[in-house]
DNA sequence: TCGATAATGATATCCTATTATCAATAGAAG
DNA sequence: CTTCTATTGATAATAGGATATCATTATCGA
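Chains as they are written, first to last, in my numbering: chain A, 1 to 127; chain B, 1001 to 1127.
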């Protein structure tokens, strides 16, 4: 809500940069770890604050998975879905989507959005 | 783990009955409310215990949705997915499934299971 | 009908992601 | 360089679902 200013800080820059470059959705813990390599002593609260602001600005989207901490990813990727590896717990983007999902729904049900989660073992952990 | 006995109680009977007859996945709160109509003073702990036991026995399955309490449903329904109404929060079964999901995944990724969640407004709330 | 003990219900506790608090720090305007 | 105050970081507090505890109750075999 605060329309206050928006000072440029190294921690925010680092976090934005990590999110921009990320090739998969990252949790707060992952963000903290990644950005900590550049920012000595980065705190969790700062990560949560930055994530909150970026969500408000619509620059990132939340990827929610049952029983898992929320992941975040750039919002400019277009419609897609996700895959979670049961070994390393990482979440990956899956391009494409079956849009014929709608026809599964009974009449009178209005579908506004959907999410598809795939679970299995990722390429790295398959080796 | 306990291989202990398994006494027949009215609360368990009521809960099993509610789950058997349910036409959609029910949360612990919904189970409690439904079964309370028959069992005076039914407690939450009992519902959790019954649900736990039924899960162990494989008689029911958990339906997990991000940010929502887990729902439970009979495990003999066959593969299907779910729809949640944004008005009443209820979850409904959606028959059928797009099995071509697998082909969306990059090579070397092994898909073991998937879940599809549809969100929108149910028939009742559409009126 | 008794007795051993599983099951129940009320409630305290845990868990874990997220938010709030507050003193210390550091952008940035002048 | 100073000053103002947004931002930070450490940590306490919150929230909500699920589990543990324990005295009381009720099931069921003898």
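All residues carry an ideal CB built from backbone N, CA and C; glycine is no exception.
* To do: Quick one: list the residues of chain A neighbouring residue 1008(B), beta-carbon separation under 9 Å, in chain order.
  => By Cβ distance, chain A contributes nothing, its closest Cβ being about 33 Å from residue 1008(B), past 9 Å.
* Asked: Opposite residue 113(A) in the DSSP bridges: which residues?
  -> 1119(B)
* Report the partner residues of residue 72(A) according to the DSSP bridge assignment. => 26(A), 62(A)
* **Range of the contiguous alpha helix (DSSP H) that encloses residue 1089(B)** => Note, residue 1089(B): premise wrong, no alpha helix (DSSP H); not H, not E.
* Assuming residue 75(A) contacts residue 60(A) under a Cβ cut-off of 8 Å, what Cβ separation, rounded to an integer in Å, is found between them? -> Right, their Cβ atoms sit about 6 Å apart.
* Kindly give me the distance between the Cβ atoms of residue 68(A) and residue 22(A), rounded to whole angstroms, as I take these residues to be in contact under 8 Å. => That belief does not hold up - the Cβ atoms of residue 68(A) and residue 22(A) are roughly 17 Å apart, past 8 Å.
* Among 24(A), 25(A), 33(A), which has the Cα closest to the Cα of residue 14(A)? -> 33(A)
* chain A contact for residue 1088(B) (CB, 8 Å cutoff) -> no
* Check whether the Cβ atoms of residue 105(A) and residue 1094(B) lie closer than 8 Å to each other. => Their beta carbons are under 8 Å apart, which means residue 105(A) touches residue 1094(B) by this criterion.
* Asked: Got a sec: which bits of the segment 100-120 of chain A sit with their beta carbon under 9 Å from any beta carbon on chain B, in order along the chain?
  -> Residues passing the 9 Å Cβ filter: 100, 101, 102, 103, 104, 105, 106, 107, 108, 109, 110, 111, 112, 113, 114, 115, 116, 117, 118, 119, 120.
* Starting from residue 64(A), find everything on chain B with Cβ-Cβ shorter than 8 Å and list it in chain order. => 1066, 1067
* Count the other C-beta atoms from every protein chain shown that fall within 10 angstroms of the C-beta of residue 30(A), then say buried if there are 16 or more, exposed otherwise. => buried
* **Same chain, Cβ closer than 7 Å to residue 1092(B), five either side skipped, listed in chain order** => Within the same chain, residue 1092(B) has close Cβ partners 1024, 1082, 1083, 1122.
* Asked: With distances taken between CB atoms, is the gap from residue 1125(B) to residue 1088(B) smaller than 8 Å?
  -> yes
* Starting from residue 126(A), find everything on chain B with Cβ-Cβ shorter than 7 Å and list it in chain order. => 1108, 1110
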